[in-house]
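S.K.: Structure below; questions to follow.
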Amino acid sequence: MGIENRVCLITGSASGMGKQTGRRMAERGAKIVINDVVAEKVADTVAEFKKDGFEVIGKVADITKKEAVVQMVNEIIEVYGGVDILVNNAGVDRTAALRKLSEDDWEITVNVSLKGAFLCSQAVHGHMVEKNHGRIINIASRAWLGGPGQAPYSSAKAGLVGLTRTLALELGRSGVTSNCIAPGLIHTPMWDEAPEKTKLMLLSKQPTGTLGDVDDIANAVMFFADDEASFITGQVFYVCGGRSLFSG
Ligand SMILES: NC(=O)c1ccc[n+]([C@@H]2O[C@H](COP(=O)([O-])OP(=O)(O)OC[C@H]3O[C@@H](n4cnc5c(N)ncnc54)[C@H](O)[C@@H]3O)[C@@H](O)[C@H]2O)c1
Numbered sequence: 002m003g004i005e006n007r008v009c010l011i012t013g014s015a016s017g018m019g020k021q022t023g024r025r026m027a028e029r030g031a032k033i034v035i036n037d038v039v040a041e042k043v044a045d046t047v048a049e050f051k052k053d054g055f056e057v058i059g060k061v062a063d064i065t066k067k068e069a070v071v072q073m074v075n076e077i078i079e080v081y082g083g084v085d086i087l088v089n090n091a092g093v094d095r096t097a098a099l100r101k102l103s104e105d106d107w108e109i110t111v112n113v114s115l116k117g118a119f120l121c122s123q124a125v126h127g128h129m130v131e132k133n134h135g136r137i138i139n140i141a142s143r144a145w146l147g148g149p150g151q152a153p154y155s156s157a158k159a160g161l162v163g164l165t166r167t168l169a170l171e172l173g174r175s176g177v178t179s180n181c182i183a184p185g186l187i188h189t190p191m192w193d194e195a196p197e198k199t200k201l202m203l204l205s206k207q208p209t210g211t212l213g214d215v216d217d218i219a220n221a222v223m224f225f226a227d228d229e230a231s232f233i234t235g236q237v238f239y240v241c242g243g244r245s246l247f248s249g
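Be aware that the sequence shown starts at 2, since it is given in my numbering, and climbs by one per residue.
Here it is as structure tokens:
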């Protein structure tokens, strides 16, 4: 039971909540695969985890490219025999008014969050089905409900909710669950860099009046990743201090 010895691939995990989720899962005895598109960050994270005695390997790959994803998963299979837990965490947010958004803003945002999750799920699911066990956990956002200036981001995350539900239906009889976490405001470097006025405005809309922490997301991922969570699938789980209760 738990996640001990489970092989866990977390995309975009050389930073932020993906990295903290990797750390927390490693503390519970999971074998972690750090993936990111930035090679230097992958090397630093792997070195840091190894220093702490964790079982970890790093894979530099752009998850928007099918060839890179297939190669990464094949290499993981060579080392660990497969992937038991996939966390589709990598994401990019290009926020601007509709008239200011470029085609590039749309493509990078939708491709990293949505196409990347599709490609990674496709690449790992065969092994999960064979083992009759698997966990796919998608990191969406409360913004999938809609947000001004967030046309690509909200669309990408809404698509991820659709992917989550579809995989739950398609893989349910194979012991593979598919769930989605929708974080709200989480304390990351991006928050620290935001203007004071923006921070006050955002906090005023929080029912809790507080920000979430990267550990709040790691805890939610571990809940869905656990062997005991086998009867929970196709769900969207908000970790947002109650902010999903109203729009605007
Ligand atoms: N930070 C928040 O408040 C917040 C709120 C809601 C949802 N989210 C979502 O949570 C997830 C993690 O957010 P974070 O704040 O920790 O982000 P972050 O920017 O700290 O980390 C994301 C990582 O993804 C990597 N990445 C980008 N493109 C990639 C690609 N093509 N292939 C592989 N890796 C790639 C980046 O290099 C980066 O290291 C994202 O999906 C984000 O949309 C974040």
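Positions of the beta carbon are idealized from the N, C-alpha and C atoms, including for glycine.
Keep in mind that this is a model prediction, so the values were computed, not measured.
#1: In this structure, what does DSSP give as the bridge partners for Ser10?
#2: Go ahead and label Pro149 buried or exposed: buried means 16 or more other beta carbons lie within 10 angstroms of its beta carbon, across all protein chains shown.
#3: Label Leu168 either buried or exposed according to how many other C-beta atoms from any shown protein chain fall within 10 Å of its C-beta, with 16 as the threshold for buried.
#4: Over the uninterrupted alpha helix (DSSP H) stretch that includes Pro190, give me the two end residues.
#5: Who does Phe238 pair with in a DSSP beta bridge?
#6: Is DSSP giving Asn75 helix, strand or coil here?
#7: Distance, Cα to Cα, Thr65 vs Val88?
#8: So for Asn133, helix, strand or coil by DSSP?
#9: Less than 7 Å between C-beta atoms, sequence neighbours within five positions excluded: which residues of the same chain meet that for Asn112?
#10: For Gln142, count the other beta carbons within 10 Å of its own beta carbon; 16 or more makes it buried, fewer makes it exposed. Which is it?
#11: Helix, strand or coil: which one does DSSP assign to Ile109?
#12: How big is the Cα-Cα spacing for Asp45 and Gly17?
#13: Is Ile58 near ligand 1, with its Cβ less than 8 Å from a heavy atom?
M.R.: Judging by the given coordinates:
#1: For clarity, residue 10 is Leu in the given sequence; the question names Ser instead. Paired residue(s): Val34, Leu87.
#2: Taking every protein chain shown into account, the CB of Pro149 has fewer than 16 other CB atoms within 10 angstroms, so this residue is exposed.
#3: By the 10 Å Cβ count, Leu168 comes out buried.
#4: From DSSP, the alpha helix (DSSP H) with Pro190 extends over 190–194.
#5: Per DSSP, Ile182.
#6: It is helical.
#7: Computed Cα separation, rounded: 15 Å.
#8: The answer is coil: DSSP assigns Asn133 none of H, G, I, E or B.
#9: Thr65, listed in sequence order.
#10: Just to set this straight, residue 142 is Ser in the shown sequence, not Gln. By the 10 Å Cβ count, Ser142 comes out buried.
#11: If DSSP states are grouped into helix, strand and coil, Ile109 belongs with the helices.
#12: Those two C-alpha atoms are separated by around 14 Å.
#13: For Ile58, the Cβ stays outside the 8 Å cut-off from all heavy atoms of ligand 1.
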